[in-house]
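Q: One structure is given below, represented as structure tokens, and several questions about it will come after.
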Amino acid sequence: MLDKNDENVEKTVANTEKAVNPAPETVKENTEEILQKETEKPKLQDENTSEKEVVVNENDEDTTEAVDEIEKSVAENSENGDSNDEVEAEVDYSKLTLEELVSDLKKIISNNPVQKIKNKVEVIKSAFNKKFGDLLAKKKKAFIDAGGNSIDFQFSSPIKTEYNTLLSNYKKERDAYYQDLEKQLKANLEKRLQVIEDLKDLIENADTETMYKQFKDLQDTWRAIGPVSKTRYNDTWKTYHHHVERFYDLLHLSNDFRDLDFRNNLEEKLKIVEQAQALAKEPDINFAFKELQELHKKWKEDIGPVAREMREEIWHKFSSATKKIHDRRHQYFREMRSKYDEIIEKKLKVIAVLNEYDTSNNQSHNDWQKSIKEVEALRQEYFNAGKLPYNKSEDVWQKFKAATKKFNAAKNLFYKQEKSEQQKNLEKKLALIDIAESLKESEDWETATNTMKKIQSDWKKIGHVPRKFSDDIWKRFKAACNFYFDRFHKQKNTVSKEQQEVINAKKAFLEDLKAKENHTKESILASIEKWKELGSLPRKSRHLEGKFNKQIDKMLETLSLDKQEISMLKFTNVVDSYYANKDFKKLDSEQLFVRKKMDEIVREMQQLENNLGFFSNANDKNPLVVNVKNQIEDFKTDLEIWKEKLDYLKKLEY
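Sequential numbering from 1 applies to the sequence shown in this note's numbering.
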């Protein structure tokens, strides 16, 4: 009975053990010798068929496919765990500076297991090499343009040195990890093969007193051994499991032990079946698949066989639950592929809009700011379309980058030219600052004031300067201008001793005029001349001029002079005071006012003359006609007065 073995299983055992080279030569020779003998022996009867072969013999290809997929995943995870760590889709490393790329690389290497960051490191490498290559090309061009020989060009950068060091250390750590992993996998395989050899020896040299305890010790040893290569995992387990079943076939000498183990194993496997059946209803299919892998590993690694009559039934339940999860997972990925197609289509539409985006009419900073907002909205639309796995996103991502690159190239060209223009504007404004600062202490009030006003006007006409200089140069210019004009107004408002004497004399003279009651034309004209002779008032005392003019008007009203003469005397008195104080601005305003009054009178006369046309058949003695004609005559008189005033203003030289 012990010599009967299933032919298919034995072939697997033979192939597995011949392919591996255990370190101890004695183990290797013994394994090959025993396997060679066993492969020549007749096949096991159907009752000894293992659980996996039950499914195959049923020709349930779909179930077999599902189980194979799970076992392949278990084998991969047994080697190195869940080490797949893909780069997040659409991380735009191209926008980072060299320093930022190195900083990110350092964080990724420091904060993650070395076996989980390959893709991230590769993406950063690609971005860094391109950006540094561009920098190197610019430096070389500048070197050659400056007269250097291409063969003599050299360029070193601290950031490149740091990058090379990080990358070198990463490669050393990665190589060391995989070398250690390979050694560990090989050592674990040797240990497992040794357990298999010890199990065979136990079967061949069975001692009913001690064999069950020895068998349990071998099981504990097997479970404690770490992972092996994924290419050896399943075959090694099949070999081990085959000999475990051989041991239980031998254990009929101690039925109590065997039956107890069978019952315990059946209970544990039924629990696993229940868990697998529950996972078939789990909404998160990725979680379900991961948990199913753990159940398969536990089924194979931690639990032994069940009674021969239960093997087919229990395995069928487990493999059926596995198939349900497998089918759901494949349906999920079919739906995800459809969803990914929709996301890709949305992203390609955004890319098409970006490719057609027209910037040819952008002539100003505001134009470009508007375009930048519009393109940023398109970028957000691209990202909001959804995420894609790395293998599906890369091609679309490169197209998106190419589309935005076209826009960015045009934008950068504009701002490069704008920067040049702003630099020229900066130089112009600095020149105005030099003038303002050189004049702020000047006492040539007339020349300095005119110059200051001009450079203030020029400043407003100059365009933008680089933002980092804008506030500083404005503060300098404003400070120089304010300093000068504060001095200018202070000196104008300062009253000298002589000016105070003029103020006092004019105040006294004005009080005397107010006290007099009888006036003549000659005395009034004499008073006007006397007022002029007393001198000019400082600016802050100019209100005295108004008081004097009002007093002269009152005095003229007391005279028996015609309207025109009184009006002209009042007018010339005011205008002469403006002229004496060189208040040319008021003289200009006065002339505008006179012209405006003349225009108004002419319009009024024309209107009245038009009105007379309605009285063509009326008698000249008609009261209405007489009234209109009298108004016209009055307007003519007023017009003569205003003409005389205008002539007087024109004679003044200013």
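Backbone N, C-alpha and C fix where the C-beta goes; we use that ideal spot for every residue, glycine too.
In three-state DSSP terms, what is V114?
A: Looking at V114 - three-state DSSP - the assignment turns out to be helix.
Q: Select from D249, E173, Y178 the residue whose C-alpha is nearest the C-alpha of L202.
A: Of the candidates D249, E173, Y178, the one whose C-alpha sits nearest the C-alpha of L202 is D249.
Q: If you count every other CB in all the chains shown that lies within 10 Å of the CB of N412, and 16 or more means buried, which is it?
A: Classification of N412: exposed, given that the 10 Å Cβ count is below 16.
Q: So what's S126 in DSSP terms, helix, strand or just coil?
A: Of the three classes helix, strand and coil, the one that applies to S126 here is helix, per DSSP.
Q: Where do the ends of the alpha helix (DSSP H) carrying Y357 lie?
A: Careful: Y357 lies outside any alpha helix (DSSP H) and carries neither H nor E.
Q: Considering only their Cβ atoms, is the gap separating A436 from A480 smaller than 8 Å?
A: For A480 and A436, yes; Cβs fall inside 8 Å.
Q: Taking P623 as part of the alpha helix (DSSP H), name the residues at either end of that continuous run.
A: Counting along the chain, the alpha helix (DSSP H) containing P623 begins and ends at 623 to 651.
Q: Could you pull the start and end residues of the alpha helix (DSSP H) that G386 belongs to?
A: G386 -> no alpha helix (DSSP H), and no H or E assigned at all.
Q: In chain order, what residues of the same chain have a beta carbon less than 6 Å from the beta carbon of S506, not counting five sequence neighbours either side?
A: Sequence check: residue 506 is Lys here, not Ser. The residues are L534, L544.
Q: Just list the alpha helix (DSSP H) runs in the region 169 to 226, keeping only unbroken ones of 4 residues or longer that don't cross its boundaries, in chain order.
A: Listed in chain order, the complete alpha helix (DSSP H) runs (minimum 4 residues) inside the region 169 to 226 are 211 to 224.
Q: List the whole-angstrom C-beta distance separating L166 from P227, where the pair is believed to meet the contact cut-off of C-beta under 8 Å.
A: About 30 Å; that fails the 8 Å criterion.
Q: Is the beta carbon of N362 closer than 8 Å to that of F407?
A: Against a cut-off of 8 Å, the Cβ pair of N362 and F407 comes out as no contact.
Q: I'd like to check one pair, L260 with A276: are the Cβ atoms closer than 8 Å?
A: No, these two residues do not count as a Cβ contact at 8 Å.
Q: Among Y177, K216, L98, which has the Cα closest to the Cα of Y163?
A: Of the listed residues, the one whose Cα sits closest to Y163 is L98.
Q: Near M336, which residues of its chain fall below 7 Å by C-beta distance, leaving aside the five closest residues on each side in sequence?
A: Once the five neighbours on either side are set aside, M336 has no close Cβ partner at all.
Q: So does the region 375 to 386 actually touch the region 349 to 363, counting three or more Cβ pairs closer than 8 Å?
A: The region 375 to 386, when compared against the region 349 to 363, does touch it at the 8 Å Cβ threshold.
Q: Measure the CB-CB distance between M568 and E644 and report whether it falls below 8 Å.
A: Yes, the pair counts as a contact, with Cβ atoms nearer than the cut-off.
Q: Using the rule of at least 16 other Cβ atoms within 10 Å of the residue's Cβ for burial, across every protein chain shown, is K492 buried or exposed?
A: By the 10 Å Cβ count, K492 comes out exposed.
Q: Measure the CB-CB distance between N573 and I552 and report whether it falls below 8 Å.
A: In this structure, I552 lies closer than 8 Å to N573 by Cβ.
Q: Taking the alpha carbon of Y178 as the point to measure from, which residue in H464, V114, I124 has its own alpha carbon closest?
A: Comparing Cα-Cα distances from Y178 to each of H464, V114, I124, the minimum goes to V114.
Q: With 16 as the cutoff for other CB atoms within 10 Å, does T326 come out buried or exposed?
A: Strictly speaking, residue 326 in this sequence is His, with Thr absent from that position. Result: buried.
Q: Looking only at its own chain, which residues have a Cβ that is under 7 Å from the Cβ of K317, when we skip the five neighbours before and after it?
A: Closer than 7 Å at the Cβ level, and outside the excluded window around K317, lie V273.
Q: Out of A187, S393, W642, R258, state which residue places its alpha-carbon closest to the alpha-carbon of K596.
A: The shortest C-alpha separation from K596 is found at W642.
Q: Please confirm if the region 423 to 431 is in contact with the region 456 to 465, defined as three or more CB-CB distances below 8 Å between the two stretches.
A: The region 423 to 431 is in contact with the region 456 to 465.
Q: With a threshold of 16 other CB atoms inside 10 Å of the CB of E245, please say whether the residue is buried or exposed.
A: Flag for E245 reads buried.
Q: Rounded to the nearest angstrom, what separates T322 and K297 at their Cα positions?
A: The alpha-carbon atoms of T322 and K297 are separated by roughly 13 Å.
Q: Please classify S319 as buried or exposed, where buried requires at least 16 neighbouring CB atoms within 10 angstroms.
A: The residue is buried, with at least 16 neighbouring Cβ atoms inside 10 Å.
Q: Are M598 and L639 closer than 8 Å when you measure CB to CB?
A: Yes. Within cutoff.
Q: Grab me the residues of M555's own chain with a C-beta within less than 6 Å of its C-beta, minus the 5 sequence neighbours each way, in chain order.
A: So the list reads H519, I524, once near-sequence residues are dropped.
Q: Out of curiosity, what's the CA-to-CA distance linking L510 and E441?
A: In a straight line, the C-alpha of L510 is about 39 Å away from that of E441.
Q: Indicate whether K140 and F153 have their beta-carbon atoms separated by less than 8 Å.
A: For K140 and F153, yes; Cβs fall inside 8 Å.
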